[in-house]
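K.L.:
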Amino acid sequence: MAFLDAFRPAAALADLLDKEKAAILKGDFATLGVLLKSKESLLTIVAKSKTPAEVLKDLQKRSDHNKRLLMASAKGIRTARERILSLRNQVRGFTTYGPAGKATEIKRQSLTMERKA
4 MAFLDAFRPA
14 AALADLLDKE
24 KAAILKGDFA
34 TLGVLLKSKE
44 SLLTIVAKSK
54 TPAEVLKDLQ
64 KRSDHNKRLL
74 MASAKGIRTA
84 RERILSLRNQ
94 VRGFTTYGPA
104 GKATEIKRQS
114 LTMERKA
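Position one of the sequence shown corresponds to residue 4 (our numbering), numbered consecutively onward.
Right under this line is the structure:
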């Protein structure tokens, strides 16, 4: 946090929220960790300052947008992880249903040929 930011904490927080948004969109989660400490201190300063209501609404809007981006990012990561696990399981075999509706697991078998002399 720069020295002058202490005199305009709402503007500094808005700038930090913009940086946070850019980091989320790039998937730069390491930067999010770095920004966290500054964000916490700026939030404390803004809470103690006499910031106009319209500025606070703008900060809330930016923060909510970043929250939605983070939630969507987390959902995407979970979905990708589930898909990777699903693909790994398909390599080992798969499950199918017979005429009676009973599930049967089919294991992957080696496709080597046996040669006879």
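Every residue, glycine too, gets a C-beta built ideally from N, C-alpha and C.
Going by DSSP, which residues form a beta bridge with Ile109?
P.N.:
In DSSP, Ile109 forms a bridge with Phe97.
K.L.:
Just checking, does the segment 36–55 make contact with the segment 71–83 on the three C-beta pairs under 8 angstroms criterion?
P.N.:
Touching, no.
K.L.:
On the three-state DSSP scale, how would you describe Asp31?
P.N.:
Here Asp31 sits in coil by DSSP.
K.L.:
Between Leu20 and Arg65, which are expected to be in contact by the criterion C-beta below 8 angstroms, what is the C-beta distance as a whole number of angstroms?
P.N.:
The Cβ separation is near 4 angstroms, so the contact holds.
K.L.:
What do you get for Asn92, buried or exposed, if any count of 16 or more other CB atoms within 10 angstroms of its CB means buried?
P.N.:
With fewer than 16 other Cβ atoms within 10 Å, it is exposed.
K.L.:
Going by alpha carbons, who is nearest to Gly96 out of Ser89, Val37 and Ile109?
P.N.:
Closest option to Gly96, Cα to Cα, is Ile109.
K.L.:
With distances taken between CB atoms, is the gap from Val49 to Pro12 smaller than 7 angstroms?
P.N.:
Going by C-beta atoms, Val49 is nearer than 7 angstroms to Pro12.
K.L.:
Can you look up Met116 in the DSSP assignment and give me helix, strand or coil?
P.N.:
Coil at Met116, not helix or strand.
K.L.:
From Leu45 to Leu88, what distance separates their C-alpha atoms?
P.N.:
Cα-Cα distance, rounded: 41 angstroms.
K.L.:
Would you mind sorting Ala15 into buried or exposed? The rule is 16 or more other CB atoms within 10 Å of its CB.
P.N.:
Ala15 is buried by the Cβ-count criterion.
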